[in-house]
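2 protein chains.
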Amino acid sequence: MTRVELIGFALVASTIAGCATVASRETADLGVIVERATGSVQLVNQTKRASLGRIQGLGDLSHASIVYSHDARYAYVFGRDGGLSKIDIVAQRTVARTVQAGNSIGGAISRDGHLVAVANYQPGGIKVFDADTLELLSEVPSTYGVEGKRAKVVGIADAPGNRFVFSLFDADEIWVADLTDARHPAVRKFRDVGRQPYDALITPDGRYYIAGLFGEDGLVLLDMQNLDAGARRILDGYGRGSEKLPVYKMPHLRGWAMAGDYAFLPAIGRYEVLVVDRRTWKQVAAVPVQGQPVFVMARPDGRQVWVNFAFPRNGVVQVIDVPTLKLVESLHPGKTVLHMEFTARGDEIWISARDDDRVVVYNTERFQKLAELPAKSPSGIFFTWRAQKIGL
Amino acid sequence: MTRVELIGFALVASTIAGCATVASRETADLGVIVERATGSVQLVNQTKRASLGRIQGLGDLSHASIVYSHDARYAYVFGRDGGLSKIDIVAQRTVARTVQAGNSIGGAISRDGHLVAVANYQPGGIKVFDADTLELLSEVPSTYGVEGKRAKVVGIADAPGNRFVFSLFDADEIWVADLTDARHPAVRKFRDVGRQPYDALITPDGRYYIAGLFGEDGLVLLDMQNLDAGARRILDGYGRGSEKLPVYKMPHLRGWAMAGDYAFLPAIGRYEVLVVDRRTWKQVAAVPVQGQPVFVMARPDGRQVWVNFAFPRNGVVQVIDVPTLKLVESLHPGKTVLHMEFTARGDEIWISARDDDRVVVYNTERFQKLAELPAKSPSGIFFTWRAQKIGL
Chain U
41 MTRVELIGFA LVASTIAGCA TVASRETADL GVIVERATGS VQLVNQTKRA
91 SLGRIQGLGD LSHASIVYSH DARYAYVFGR DGGLSKIDIV AQRTVARTVQ
141 AGNSIGGAIS RDGHLVAVAN YQPGGIKVFD ADTLELLSEV PSTYGVEGKR
191 AKVVGIADAP GNRFVFSLFD ADEIWVADLT DARHPAVRKF RDVGRQPYDA
241 LITPDGRYYI AGLFGEDGLV LLDMQNLDAG ARRILDGYGR GSEKLPVYKM
291 PHLRGWAMAG DYAFLPAIGR YEVLVVDRRT WKQVAAVPVQ GQPVFVMARP
341 DGRQVWVNFA FPRNGVVQVI DVPTLKLVES LHPGKTVLHM EFTARGDEIW
391 ISARDDDRVV VYNTERFQKL AELPAKSPSG IFFTWRAQKI GL
Chain S
41 MTRVELIGFA LVASTIAGCA TVASRETADL GVIVERATGS VQLVNQTKRA
91 SLGRIQGLGD LSHASIVYSH DARYAYVFGR DGGLSKIDIV AQRTVARTVQ
141 AGNSIGGAIS RDGHLVAVAN YQPGGIKVFD ADTLELLSEV PSTYGVEGKR
191 AKVVGIADAP GNRFVFSLFD ADEIWVADLT DARHPAVRKF RDVGRQPYDA
241 LITPDGRYYI AGLFGEDGLV LLDMQNLDAG ARRILDGYGR GSEKLPVYKM
291 PHLRGWAMAG DYAFLPAIGR YEVLVVDRRT WKQVAAVPVQ GQPVFVMARP
341 DGRQVWVNFA FPRNGVVQVI DVPTLKLVES LHPGKTVLHM EFTARGDEIW
391 ISARDDDRVV VYNTERFQKL AELPAKSPSG IFFTWRAQKI GL
């Protein structure tokens, strides 16, 4: 064969291989599983319940979270060590990466998809990046008080109108940054909201930002449609209460389930899931469960609420039937269940069992096990339907 | 060159071309615009606000609607003439097509993505197809009464648990078909629900199925989590009322806006949008608008409600601010506005102006026109985020 021929055949081979890879990957059907111990993520196909590959070298992924570009082709991985990685989940490679702080806890993507913001502990504040290039566009240092210290930033979420909302743990403040002009953020500050906000969520419609308080019982609510009303306290009894039970793990607020007229919340330190009226934010019931709840997640149709638990009772997942508020199932996916993710319409759920190095997929109607996927110390599972959701 | 070489190069060329096509089309970011006059659909990219191509030969597409496969690669097009077409929106071709009835009105896809159901006028009933192959799996004839006539089927929607729910116009009935065994549907019938149900919706969580009545004022509600409660009447005053105003077009129920604690409904025959409490289903307000509303659609964050109108006042789109219930904008996208579709997070909206042969894209915060796309008599616009939604 001549040299030209050889080049021709080499091209054929590599191009066909690349093409097969691309053609089989509809972005609406993909997902990413965080493998925390190895600094890698696994790429998966939801419908096929199959692993597609792995991307390495993403740094410290303990407590890592992920948001997606609007087209769901790119995932932004927020590492614990300040690393921000943009990965192409179709071509399966890292396309940009920056270690933008010393210590971080999560991030968010703007409603228009053009901006990615990271919440930083050290140095405290948020940084805002161009979603295409990861170029740094602006920074909001979390400076507070007379000494000019910077607070740890937690509970960042995107809100309608290219805004980001976040909490300042050490400063007892909530800030709303409007990034309409991405290089000149306009910041509105809410002071003395309650002691040590430690995590937060925004409701699925982007309407209410709710922060949990580490330093006292109760929650703080901010109406994103009416900032002039200011932050107000809700659920004053929510917390460890007078008994001060040992709390093995503060529950994740982001998992909160909004189902019909009710919100389902993990009780702190107690073996209960709390049921709260969404209009009055008053507790109306408590469902006894087998451990301290961590994630309390509604199936997308709101018919069921799935619960996982803190150490040492973390090998069980329980399912609450919403109309009757009864437990209808207890599953044993494996040791150390860390996270759960529903498919978009809720017919299936994927559950990560860290110490068994596997992810288990169940049908949510009949609770059969449908598949097991090997994974290295899996924690968070993030499906691409998040690209379509406010606050995720 | 030898023959082998030529084959090599031909393969390279075709493979690279194919690859480029596929690689640029993330399914999470696509959409389909129905071109009713020409029996074609236009494929678009949301982020690029660009046309990608056109698929022809889909029959009579007046009042056509579309659902997506879970991976959003395939769109199922329900034509008015009983045609059911499965199109591949990445490869841009029709992969299966069947003319399965003489006259049809819409369809739905099951929660697990494996079944597609079509609602038929003639012969009346639903047919259920394999979503992969369009093989007919089962049929539910809408036979009613003592004479064994078949009713026109309207308002079909998918419900949790691989069920389809639909209404029988001539029979005053609502049926729920459980397709857990796809070849043996289990049907539950609700009789005497009200005169002539003509269209219906299911709430975004799949909880409530609500049908409008053509033969009398009022609506019918079925709680999909508690079928034993039976169908019940709500909003008894909803309809043309005692004045019997001329109604140029019965409003589409599927457009109903669920925003926060309220549902926004098009008044029938009157220049008003009705505001209804979602818990009590009582009317609490009415917002005056410039014509007879047809589609009343909430921006995904519930902050705004967008309204289009019936002939002859159908060249205007109005925007209601939800917290104040005031009109904040009137837009003129072109003559004969037929449909509107938000992007998933609601930062933009696409509006079809049939008689100007164009689709106009607006920013929803500042109401600037962002783009115009030529289209042939465009009607419905369907973005692929629908693949992730119950009832769409």
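Heads up: the sequence lines are chains U and S, in that order. Quick note on our numbering: the first sequence kicks off at 41 and runs consecutively. Quick note on our numbering: the second sequence kicks off at 41 and runs consecutively. We treat Cβ as the ideally placed atom computed from N, Cα and C, and that holds for glycine. Small disclaimer: the values here were computed from a predicted structure and weren't measured.
Partner residues on chain S for residue i, Cβ-Cβ distance less than 7 angstroms
i, result
"residue 110 of chain U", "69, 87"
"residue 381 of chain U", "Chain S residues near residue 381 of chain U: none, gap ~13 angstroms exceeds 7 angstroms."
"residue 319 of chain U", "301"
"residue 363 of chain U", "265, 266"
Cβ pair residue i, residue j closer than 8 angstroms
i, j, result
"residue 74 of chain S", "residue 419 of chain S", "yes"
"residue 194 of chain S", "residue 159 of chain S", "yes"
"residue 201 of chain U", "residue 405 of chain S", "yes"
"residue 261 of chain S", "residue 250 of chain S", "yes"
"residue 177 of chain U", "residue 203 of chain U", "no"
"residue 112 of chain S", "residue 66 of chain U", "yes"
"residue 81 of chain S", "residue 107 of chain S", "no"
"residue 336 of chain S", "residue 326 of chain S", "no"
"residue 370 of chain S", "residue 379 of chain S", "no"
"residue 210 of chain U", "residue 191 of chain U", "yes"
"residue 313 of chain U", "residue 333 of chain U", "yes"
"residue 430 of chain U", "residue 198 of chain U", "yes"
"residue 137 of chain U", "residue 300 of chain S", "no"
"residue 256 of chain U", "residue 279 of chain U", "yes"
"residue 119 of chain U", "residue 99 of chain U", "yes"
"residue 126 of chain S", "residue 135 of chain S", "yes"
"residue 417 of chain S", "residue 87 of chain S", "no"
"residue 237 of chain S", "residue 180 of chain S", "no"
Beta-carbon neighbours of residue i, restricted to chain U and to distances below 9 angstroms
i, result
"residue 300 of chain S", "245, 247, 265"
"residue 369 of chain S", "Those do not exist, as residue 369 of chain S stays about 15 angstroms from chain U at its closest Cβ, beyond 9 angstroms."
Contact set between residue i and chain S, taken where Cβ atoms lie within less than 9 angstroms
i, result
"residue 183 of chain U", "The contacting residues do not exist; residue 183 of chain U stays about 29 angstroms from chain S at best."
Classification of residue i by the beta-carbon crowding that lies within 10 angstroms, buried from 16 upward
i, result
"residue 272 of chain U", "exposed"
"residue 354 of chain U", "buried"
"residue 403 of chain S", "exposed"
"residue 340 of chain S", "buried"
"residue 317 of chain U", "exposed"
"residue 320 of chain S", "exposed"
"residue 428 of chain S", "buried"
"residue 102 of chain U", "exposed"
"residue 410 of chain S", "exposed"
"residue 408 of chain S", "exposed"
"residue 385 of chain S", "buried"
"residue 329 of chain S", "buried"
"residue 415 of chain U", "buried"
"residue 96 of chain U", "exposed"
"residue 48 of chain U", "Any reading at residue 48 of chain U is ruled out, since the residue's pLDDT is 35, under 50, leaving its predicted position unreliable."
"residue 352 of chain S", "exposed"
Residues that residue i contacts on chain U, provided the C-beta gap is smaller than 8 angstroms
i, result
"residue 6 of chain S", "In this structure chain S extends from 41 to 432, so residue 6 of chain S is not present and cannot be described."
Contacts of residue i in chain U (Cβ-Cβ under 7 angstroms)
i, result
"residue 113 of chain S", "66"
"residue 387 of chain S", "151, 152"
In chain order, what residues of the stretch 225 to 248 of chain U put their CB closer than 7 angstroms to some CB of chain S?
-> For the stretch 225 to 248 of chain U, the residues whose beta carbon sits under 7 angstroms from a beta carbon of chain S are, in order, 245, 246, 247.
Ignoring anything shorter than 3 residues or poking outside the stretch 162 to 241 of chain S, list the beta strand (DSSP E) runs there in chain order.
-> 165 to 170, 176 to 181, 193 to 199, 203 to 208, 213 to 218, 226 to 230
Ordered list of beta strand (DSSP E) runs contained in the stretch 267 to 349 of chain S, each at least 3 residues = Taking only runs of at least 3 residues, the beta strand (DSSP E) segments lying wholly in the stretch 267 to 349 of chain S are 272 to 274, 297 to 299, 302 to 306, 312 to 317, 323 to 328, 333 to 338, 344 to 349.
What residues from the stretch 151 to 168 of chain S come within 9 angstroms of chain U, judged by C-beta to C-beta, listed N to C?
-> 151, 152, 153
Can you give me, in chain order, the residues of the stretch 418 to 430 of chain S that have a beta carbon less than 7 angstroms from any beta carbon in chain U?
-> Answer set for the stretch 418 to 430 of chain S: 424, 425, 427, 428, 430.
Under 7 angstroms (Cβ pairs) to chain S, residues found in the stretch 186 to 201 of chain U | 200, 201
Where the stretch 118 to 133 of chain U meets chain S: residues whose CB sits under 9 angstroms from a CB there | Against chain S - using a Cβ distance shorter than 9 angstroms - the residues of the stretch 118 to 133 of chain U are 130, 131.
Taking only beta carbons into account, state which residues of the stretch 394 to 405 of chain S come closer than 7 angstroms to chain U, listed in chain order.
-> 405
Interface positions of the stretch 332 to 353 of chain U facing chain S (Cβ-Cβ less than 7 angstroms), listed along the chain = 340, 341, 342, 343
Ranges of the beta strand (DSSP E) found wholly within the stretch 105 to 141 of chain S, counting only runs of at least 3 | 105 to 108, 114 to 118, 123 to 128, 133 to 139
May I ask you to list, following chain order, the residues of the stretch 200 to 225 of chain U that have a beta carbon less than 9 angstroms from some beta carbon of chain S?
-> 200, 201, 202, 220
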